[in-house]
Amino acid sequence: MNELASAVPWLGRRNPQAARWLIIIVAIAAPLVAVLFGRTWVRVLDFALLYVMLALGLNLVVGFAGLLDLGYIAFYAVGAYTAAFLASPHFGVHLPFWIVLPVAAGCAALAGIMLGFPVLRLRGDYLAIVTLGFGEIVRIFLNNLNYPVNITNGPQGINALDPLVLFGWDLSRNLDITENLSINSLFLYYYFFLACVAGSIVFIQRLQVSRVGRAWAAMRDDELAAKAIGINTRNLKLLAFSLGATFGGVAGGLFGAFQGFVSPESFSLMESIAVLTMVVFGGMGNVAGAIAGALILSALPEILRHLALPVQQTLFGTVLLDPEVLRMLLLSLAMILMMLLKPAGLIPANARYSHVEHLKRHGVSR
Amino acid sequence: MEIFLQQLVNGLVVGSVYALVALGYTMVYGILGLINFAHGDLVMVGAMTALQTMLFLMGAAPGMSPLAMLTLSLAVAIPVCMLLGYTMERLAYRRLRNAPRLAPLITAIGMSFLLQTIAMILWGRNYHTFPQLISTVPLQPVAGVFVTPIQVTIVVGSALIMAALIVLVTKTRLGRAMRATAENHRVAALMGVDTNLIIALTFVIDAALAAVAGVMYASNYGIAHYGMGFMPGLKAFTAAVLGGIGNLGGAMLGGIVLGLVESFGAGYIEHMTFGLLNSSYQDIFAFIILGLVLIFRPTGLLGERVSDRA
Chain A
1 MNELASAVPW LGRRNPQAAR WLIIIVAIAA PLVAVLFGRT WVRVLDFALL YVMLALGLNL
61 VVGFAGLLDL GYIAFYAVGA YTAAFLASPH FGVHLPFWIV LPVAAGCAAL AGIMLGFPVL
121 RLRGDYLAIV TLGFGEIVRI FLNNLNYPVN ITNGPQGINA LDPLVLFGWD LSRNLDITEN
181 LSINSLFLYY YFFLACVAGS IVFIQRLQVS RVGRAWAAMR DDELAAKAIG INTRNLKLLA
241 FSLGATFGGV AGGLFGAFQG FVSPESFSLM ESIAVLTMVV FGGMGNVAGA IAGALILSAL
301 PEILRHLALP VQQTLFGTVL LDPEVLRMLL LSLAMILMML LKPAGLIPAN ARYSHVEHLK
361 RHGVSR
Chain B
1001 MEIFLQQLVN GLVVGSVYAL VALGYTMVYG ILGLINFAHG DLVMVGAMTA LQTMLFLMGA
1061 APGMSPLAML TLSLAVAIPV CMLLGYTMER LAYRRLRNAP RLAPLITAIG MSFLLQTIAM
1121 ILWGRNYHTF PQLISTVPLQ PVAGVFVTPI QVTIVVGSAL IMAALIVLVT KTRLGRAMRA
1181 TAENHRVAAL MGVDTNLIIA LTFVIDAALA AVAGVMYASN YGIAHYGMGF MPGLKAFTAA
1241 VLGGIGNLGG AMLGGIVLGL VESFGAGYIE HMTFGLLNSS YQDIFAFIIL GLVLIFRPTG
1301 LLGERVSDRA
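Here the protein sequences come in this chain order: A and B. Positions 1 to 366 (the numbering used here) are the ones given, in order, by the first sequence. Positions 1001 to 1310 (the numbering used here) are the ones given, in order, by the second sequence.
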């Protein structure tokens, strides 16, 4: 929260307390404002929160531990498909949500360890491309495991997932307060996701300053030196992969229940790249950056979609760039330009532990 | 046996194309230590530009001979890709040469998607039929194996190009400068090598290889598509790692081996797994090979480099 508050422009540095309240108010009021422009915008916000969770999880792996993972979406897929297996008519299993979500998270964590073990020795580019391969392998299996035994239902995906039900309270139904007043289900999901994101933020910020977080930072900055001072880099890498995957799995489970439908199409390489772009664009190794990146890059294409089509229609009389093209264009340009112009990202991480200048600035003698 | 030989031929054909693309990855990796993710998409740009040229020529000069048409379309596609390769290096990679290694890698991924997006804007999202100007009618079968003229052209053509490249790198002044730059930028610069020029030239040569590979790949399958380059690009990178990255001979060997593994894998996987998996799993072989190589022999078959360059 402090990191997030200090990232608020102008107010952040002068009055962190006020910035904190501003964030809370904006977070709570966002869907109420969005609905003024139409209900789709609340949906966009719901998805944006899911992307925030994904970005937070990937940031753990890439930003904190310094392991470039290009197959992150595989864990999202594992979470979503686990939810689909355990709570849909596909296998006729309908477990309660409080069992489905932990199992989805656990399966994703297991997948993270499965990926982590063989690639422990790899770093940098090689790690990136092997994780990319892992993501593709998962997607290929999801796409093809409908024959000879139908497990994933192939490219069609699985339909009619059970909605989120918390203590007998179905989030997919509008909440009727009086005859005329009811709260739309999209709002209920929004606030539930918001609570999940808030929980994740608290967890991650505690993690960052814990022994583990500091050891990750050490490993990221200099693996050899970290080993030399007795840090067990193997366990730390596995922990990073599995914790990051857990976030992906939770987000996947929520995504499945929210959308009520999963198919391999949602877990393409493009999505992995999109989440990576969010982390990189926002600023690696920093919670506020991941959140800002995810919010901006998931909302901007939607805004463009609503602006660009009418604009093109009036200017050229026809649609030259459809929304999906615009999204890809935006993401790829964001990646290239950010690396060239502002490699530390929108909100650069303040290197709390490792950088000499920082230590000097805070009067720590060397 | 006939199936075996047929798969051998198919594997060799695809493998030669992978080898050409793998050379591009390995040369850039050798000289900069960068996985140029966008290299696979240059393959696509090559194929698409050639396709556009062919369509234009078919409209403008209907009576043209296929060979002339192919030559002309290559003559357009190669310079376009070269220019693109040069532009990428000049605008993005050169400025990131001293940045942390994550930065150029992410830029390369961005470049790859940018090229795909531009291709999507220019040519739409549909699959296009690629004119097969060299006959795909099988020649007289030898030992029950069918070989088409296009397959022969691909294998012979890529062998010739690779031979020329080896001569270029090992025998010429430019080649020596390239090897020196790959060994050590600074020392090479001190010895009077214009390293910026050499690196730019490497990108240009690679782009030309990619363009040729793109035309071969599209001619072989008869289709072209904005996303057709990415997967072969990854596979070619796998081939480069398999052979030992930074090693030209390794890239060729790796390409051929990968092509064969894929071809046999696709042909026999159903049989080997008792029908559990089928040929739609073809794409996983490259990644499994990549994983295995990196775990058990990170230097690749012929290479000497270590895997933990971060």
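The beta carbon of each residue, even a glycine, is placed where N, CA and C say it ideally should be.
> Opposite D176 (chain A) in the DSSP bridges: which residues?
Replying inline: D176 (chain A) pairs with A:S182.
> Can you find at least 3 beta carbon pairs, one from the segment 335-348 of chain A and one from the segment 1132-1147 of chain B, that sit closer than 8 Å?
Replying inline: Counting Cβ pairs under 8 Å, fewer than three are found: no touch.
> At least one CB of chain B closer than 8 Å to the CB of M335 (chain A): is that the case?
Replying inline: Chain B contact via Cβ: present.
> If we call anything under 8 Å between Cβ atoms a contact, is A108 (chain A) one with G248 (chain A)?
Replying inline: One thing to note: A108 (chain A) has its Cβ within 8 Å of the Cβ of G248 (chain A).
>> Is it the case that the segment 1009-1023 of chain B contacts the segment 1075-1089 of chain B, given that we only count it when at least three CB pairs across the two stretches are under 8 Å?
In response: Too few Cβ pairs lie closer than 8 Å, so no.
>> What does the alpha-carbon distance come out to for the pair G1259 (chain B) and G244 (chain A)?
In response: Each residue's Cα considered, the two are about 35 Å apart.
> Short check: CB of V1080 (chain B) to CB of T1117 (chain B), under 8 Å?
Replying inline: The criterion of a C-beta distance shorter than 8 Å is not satisfied by V1080 (chain B) and T1117 (chain B).
> Does DSSP put D125 (chain A) in a helix, in a strand, or in coil?
Replying inline: D125 (chain A) carries a helical assignment under DSSP once its states are collapsed to helix, strand and coil.
> Among all the DSSP beta bridges, which residues are the ones paired with I1223 (chain B)?
Replying inline: Partner(s): B:T1129.
> Relative to the C-alpha of A74 (chain A), which residue among A:S242, A:L207, A:W10, A:R14 is closest?
Replying inline: Out of A:S242, A:L207, A:W10, A:R14, the CA that lies nearest to the CA of A74 (chain A) is found in A:S242.
> How about the segment 1029-1049 of chain B and the segment 1237-1254 of chain B: do they share at least three Cβ pairs that are nearer than 8 Å?
Replying inline: Verdict: yes, contact present.
> Would you call G1246 (chain B) buried or exposed, if buried means 16 or more other Cβ atoms sit within 10 Å of its Cβ?
Replying inline: It counts as buried.
>> With the cut-off set at 8 Å, would you say L1042 (chain B) and A1211 (chain B) are in Cβ contact?
In response: Going by C-beta atoms, L1042 (chain B) is nearer than 8 Å to A1211 (chain B).
>> For a minimum of 4 consecutive residues, which ranges assigned as the alpha helix (DSSP H) are wholly contained in the segment 267-345 of chain A?
In response: Correct list: 269-282, 287-316, 323-341.
> What residues from the segment 133-153 of chain A come within 9 Å of chain B, judged by C-beta to C-beta, listed N to C?
Replying inline: Within the segment 133-153 of chain A, the qualifying residues are G133, F134, E136, I137, I140, F141, N143, N144, Y147, P148, V149.
>> Using 8 Å as the cut-off, can you tell me whether the segment 202-216 of chain A makes contact with the segment 59-72 of chain A, which would need three or more C-beta pairs spanning the two stretches below that distance?
In response: The segment 202-216 of chain A is in contact with the segment 59-72 of chain A.
> Under three-state DSSP, which class holds Q17 (chain A)?
Replying inline: For Q17 (chain A), the three-state secondary structure derived from DSSP is helix.
> Since D1041 (chain B) is in the alpha helix (DSSP H), which residue starts that stretch and which ends it?
Replying inline: Start and end: 1039-1060.
> Does any C-beta atom of chain B lie closer than 8 Å to the C-beta of Y353 (chain A)?
Replying inline: Legend: pLDDT at Y353 (chain A) = 49, less than 50; position of this residue unreliable, value from coordinates given subsequently. For Y353 (chain A), the closest Cβ of chain B is not nearer than 8 Å.
>> By the 8 Å beta-carbon criterion, what residues does the segment 1280-1304 of chain B contribute toward chain A?
In response: Cβ contacts with chain A come from S1280, Y1281, D1283, I1284, A1286, F1287, I1288, L1290, G1291, L1294, I1295, P1298.
>> Measuring straight from C-alpha to C-alpha, what distance separates L1122 (chain B) and V1045 (chain B)?
In response: Those two C-alpha atoms are separated by around 11 Å.
> Does the pairing of the segment 258-278 of chain A with the segment 289-304 of chain A give three or more beta-carbon distances under 8 Å?
Replying inline: Yes: at least three Cβ pairs fall under 8 Å.
>> Measuring straight from C-alpha to C-alpha, what distance separates T318 (chain A) and L330 (chain A)?
In response: A direct Cα-to-Cα measurement between T318 (chain A) and L330 (chain A) gives close to 20 Å.
>> Taking 7 Å as the limit between beta carbons, can you name the residues of its chain near V1147 (chain B), skipping five residues before and five after?
In response: Only V1009, P1138, L1139 meet the Cβ criterion.
>> Classify P89 (chain A): buried if its beta carbon has 16 or more other beta carbons within 10 angstroms, exposed otherwise.
In response: P89 (chain A) is exposed by the Cβ-count criterion.
> Can you tell me where the alpha helix (DSSP H) with S1158 (chain B) in it begins and where it stops?
Replying inline: Where S1158 (chain B) is concerned, the enclosing alpha helix (DSSP H) starts and stops at 1149-1171.
> Between the C-alpha atoms of A1099 (chain B) and R1186 (chain B), what's the straight-line distance to the nearest angstrom?
Replying inline: Using only the alpha carbons, I get a separation of about 16 Å.
> Using a Cβ-Cβ cut-off of 6 Å (strictly less than) and excluding sequence neighbours within five positions of S172 (chain A), which residues of its own chain qualify?
Replying inline: These residues qualify, in order along the chain: P163, S185.
> Where do the N-terminal and C-terminal ends of the alpha helix (DSSP H) with I231 (chain A) fall, by residue?
Replying inline: No alpha helix (DSSP H) holds I231 (chain A); DSSP gives it neither H nor E.
> Using DSSP with H/G/I as helix, E/B as strand and the rest coil, what is N159 (chain A)?
Replying inline: DSSP, reduced to helix, strand and coil, places N159 (chain A) within a strand of the structure shown.
> Between M1228 (chain B) and the rest of its own chain, which residues show a CB-CB distance below 6 Å, the 5 nearest in sequence each way excluded?
Replying inline: Taking M1228 (chain B) as the centre and dropping the five residues before and after it, the same chain places the C-beta of M1044 closer than 6 Å to its C-beta, in chain order.
> So, are the CB atoms of L1301 (chain B) and G1254 (chain B) less than 8 Å apart?
Replying inline: Taking 8 Å as the cut-off, the beta carbon of L1301 (chain B) is found closer than this to the beta carbon of G1254 (chain B).
> Is L95 (chain A) helix, strand or coil when you go by DSSP?
Replying inline: Three-state DSSP puts L95 (chain A) in coil, outside helix and strand.
> In the structure shown, what three-state DSSP assignment does V119 (chain A) receive?
Replying inline: Note: V119 (chain A) maps to coil in three-state DSSP.
>> Spatial neighbours of M979 (chain B) within its chain, please: C-beta separation below 7 Å, excluding the five flanking residues on both sides.
In response: This structure cannot speak to residue 979 (chain B), because chain B is shown only from 1001 to 1310.
>> With a threshold of 6 Å on Cβ separation, who are the neighbours of V1204 (chain B) within its own chain once the five nearest residues in sequence on each side are excluded?
In response: Excluding the 5 residues flanking it on each side, V1204 (chain B) has same chain C-beta neighbours closer than 6 Å at M1082, G1085, Y1086, in chain order.
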